[in-house]
Structures are given as structure tokens and as C-alpha cells.
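Per this note's numbering: the sequence shown = residues 173 to 265. Data first, discussion second: the structure below is written as C-alpha cells.
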Amino acid sequence: MPTVLLFALALLACSKPDLASPADEPVATEESGGLASQMLAEVNALRETGCRCGTRWMPPAPALSWNTQLANAARRHAGDMQRNDFFNHRGSD
Numbered sequence: 173m174p175t176v177l178l179f180a181l182a183l184l185a186c187s188k189p190d191l192a193s194p195a196d197e198p199v200a201t202e203e204s205g206g207l208a209s210q211m212l213a214e215v216n217a218l219r220e221t222g223c224r225c226g227t228r229w230m231p232p233a234p235a236l237s238w239n240t241q242l243a244n245a246a247r248r249h250a251g252d253m254q255r256n257d258f259f260n261h262r263g264s265d
């Protein structure tokens, strides 16, 4: 299951430049909203019970909630990386 979550996170980090939007405008489509909800539910299920990460046991932790502003920033950053052909935690600006 951790592989599925990593794959889902990688997919969410990718977006086409035309999907980028201004910071104050929420971005949600039926498809992305469903995937985001599913990913959040799976992450929270693991957090509720705890899980093993490599050789380390991670104890139960509080549930996370969706943050539209953070999701929009991630989409803009993914678009920036795609347009400028780089992969990094920092943006091109």
C-alpha cells in the first residue's frame, strides 16, 4: 500500500501548465477531487493505525485535512517545474 500512496502523490505533483491557477482561486475537478479525497483517506487510515516505513515503526498520528491553498501552490510549482524543465523543491524564481 505505501507504494500506491507514493504513486498517488507523484501523480498529484504533476500537472499541465493550463491547469495552473491564481493562488486565490481553488482548483478542483471531479477527477482530481476524487483522487485527492481517496489519497487523503488512505494516508489518514495509515496514520490512525501506525505503519512501518522501511525498518522504522511509525506510531499512530492525528488525521490530516485537505488544504486547498497548499494544493494550489503545489500545482503551480509542478507547472513551473514542467515549463522550465527541472525537478526541485525550490521554484525557478
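Don't be surprised by glycine CBs; every beta carbon is placed ideally from N, CA and C.
Within the same chain, and ignoring the five residues on either side of residue 263 in sequence, the residues whose Cβ sits closer than 7 Å to its Cβ are 249 and 252. Bounds of any beta strand (DSSP E) do not take in residue 247; it lies within the alpha helix (DSSP H) bounded by 240-255. With 16 or more neighbouring CB atoms inside 10 Å of its own CB, residue 247 falls in the buried class. Comparing alpha-carbon positions, the option among 212, 265 and 206 lying closest to residue 237 turns out to be 212.
Taken through DSSP and simplified to helix, strand or coil, residue 219 comes out as helix. As the crow flies, the alpha-carbon of residue 231 is around 25 Å from that of residue 242. Taking C-beta atoms as the reference points, residue 233 and residue 216 fail to come closer than 7 Å.
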